[in-house]
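These notes concern the structure reproduced below.
Protein chains in written order, with my numbering: chain G, 45 to 520; chain Z, 1054 to 1147.
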């Protein structure tokens, strides 16, 4: 087996048995990046020297006979909106083109304590705003399964890097589908944890009530390893929470599992080939013994418009910090203060970011607040109640991740609203703060399709176990 | 449909400089998104409380003790476009 095809568990075993060294693994991945990334463009920054220094440290521990954590020496790639100290962090934006992170995000600190080797930073839609990675200021990432198509977004670089064997796993962030949808488009596993399960300290803020950091991996087992490593309450993020311990280590028999399938997720709009793959996967769960029942989430069609009020509102407030004065791109020659703001922000932000800032500013402005923002928050309550009601009857919900197959680069970029519709099955989960897994369950031609497994708050272990039982039996 | 004047007004509130030809483009795009979110008017929300956070969180308190910053201020200053004597330099306001 090639070193670049290993899972975390396999690489860890190999390191312990001294079949290969951490340095050899890292070099193999760095070579792969050199070979493949010209066409895929998953990476914005590659830290070759830093990675090799870290890998060497792990080899020293191994030769000294020390026990190593499971993530030690394992090469990873980090979405470029998560801070890694002393490494450039651009958020895919010209406004942060030369920004060097002054500290580590908590999730990064935790990975580093376990000996992770960070190969580099991955491409994204600017500040996470997009579903295709085409809104990156530095150019689009390509889908490794078909280079003419998008890898999804906003974490397209993180998902493509794992799918193209340019790293063993990656970290990303999900605000409305940004981990799950690219994982689905690239045929890899992605987990959006419960809101608050992973600290957001050191994550460049986009929409703070929705953002959550999570892993993208090759297998469900790896996904669990990374999630366990990064989760937990953090004094630097007051919205982070400790999950109840009893939920973490249970195993489940599919025969005891009740699965809900929301009828509102299979209406017009979903591509028939996608629907077929998802229905076949649900059928397989039934064959494995799970009890399937149709459920209703009646406010589904209102989740997306509510999301596109709440998300831009929070984004417009969060992005007010980019002022051309504290850090980042600044246009300040011979002008007054207002001009510094207007020009730095006008020229530093791309079109989609400016669209969302203006949309947020509009719906929050005097006279519109109640009609838009407050109404959207009330609809958020209704969406939340839909899920609470359904979860009284079922353990998990199975659904598509996206109604579409990976689309062609350029296909949706001229029409912002058509890009928003890509998120239709993923945004509700962020509004309610639930955990959800994207699991590859089939293909249409060369193009992968992901199944979404949605659980109750803090039941990551359950959705991972349920995902694993599929993966163990049918490997895609 | 929102007007060109409204787009200019929002852009100024948001401190975003726009060039003339962008104004018409944003007017069309923002109008089509606003039309789409009008859909929410179909929902009766008269008896529903708003949700700002996906699950209940209470205020998180700590003892009122001073702590050393975990990030060195020099490191943050180095990121600023213009500094003077250890401060961020800002254009005059008056």
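Positions of the beta carbon are idealized from the N, C-alpha and C atoms, including for glycine.
In this text, all values refer to a predicted model and were calculated from it rather than measured experimentally.
*My guess is that residue 156/G and residue 273/G are in contact by the Cβ rule of under 8 angstroms, so how many angstroms apart are they, rounded?*
Not quite, the Cβ-Cβ distance comes to about 11 angstroms (not below 8 angstroms), so this is no contact.
_Just checking: is the beta-carbon of residue 152/G within a distance shorter than 7 angstroms of some beta-carbon in chain Z?_
Not an interface residue.
*Does DSSP classify residue 233/G as helix, strand or coil?*
strand
_Pick from 160/G, 200/G, 332/G, 394/G that is closest to residue 451/G, judged by C-alpha positions_ = Selected option, being the one with the closest Cα: 200/G.
*Do residue 238/G and residue 431/G have their C-beta atoms closer together than 7 angstroms?*
no
*Relative to chain Z, which residues along the segment 335-352 of chain G have a C-beta separation below 8 angstroms, given in chain order?*
343, 345, 346, 349, 350, 352
_So that I know if they touch, is there some Cβ in chain G lying closer than 7 angstroms to that of residue 1140/Z?_
For residue 1140/Z, the answer is no, since every Cβ of chain G falls outside 7 angstroms of its Cβ.
*Once you ignore the five residues that flank residue 259/G on each side, which residues in its own chain have a CB closer than 7 angstroms to its CB?*
A distance below 7 angstroms between beta-carbons, with the five flanking residues on each side excluded, links residue 259/G to the following residues of its chain, in chain order: 213, 215, 235, 267, 270, 271.
*Return no unless some Cβ of chain Z is closer than 7 angstroms to the Cβ of residue 126/G.*
no
*asked:* By DSSP's criteria, residue 442/G is part of a beta bridge. Which residues make up the other side?
replied: 497/G
_Let me confirm a value: residue 45/G is counted as buried when at least 16 other C-beta atoms fall within 10 Å, else exposed. Which label applies?_
exposed
*If contact means a Cβ-Cβ distance below 9 angstroms, which residues of the segment 1057-1084 of chain Z contact chain G?*
1059, 1060, 1062, 1063, 1064, 1065, 1066, 1067, 1068, 1069, 1070, 1071, 1072, 1075, 1078, 1079, 1082, 1083
*Spell out whether any CB of chain G is found under 7 angstroms from the CB atom of residue 1109/Z.*
no
*From 245/G, 300/G, 433/G, residue whose alpha carbon lies closest to that of residue 1123/Z*: Of all alpha-carbon atoms in 245/G, 300/G, 433/G, the one lying nearest the alpha-carbon of residue 1123/Z is that of 245/G.
*Nonlocal neighbours in the same chain, by C-beta distance under 6 angstroms from residue 1054/Z, ignoring five residues either side*: 1084
*Kindly indicate if chain G contains any beta-carbon less than 7 angstroms away from that of residue 1122/Z.*
no
*Which residues mark the beginning and the end of the beta strand (DSSP E) in which residue 100/G is found?*
From DSSP, residue 100/G is part of no beta strand (DSSP E) but of the alpha helix (DSSP H) over 92-107.
_Against chain G, does residue 1136/Z count as a neighbour if the rule is that its beta carbon must be under 7 angstroms from one of theirs?_
no
*Under 7 angstroms, do residue 308/G and residue 348/G count as touching if we go by C-beta distance?*
no
*Mind checking residue 356/G: buried by the 16 CB within 10 Å criterion, or exposed?*
buried
*Delimiting residues of the alpha helix (DSSP H) encompassing residue 82/G*: Secondary structure note for residue 82/G: its alpha helix (DSSP H) is the uninterrupted segment 66-84.
*Could you tell me whether any Cβ in chain G is nearer than 7 angstroms to the Cβ of residue 1119/Z?*
no
_Near-chain Z residues of the segment 45-75 of chain G (beta-carbon distance less than 7 angstroms), N- to C-terminal order_ = none
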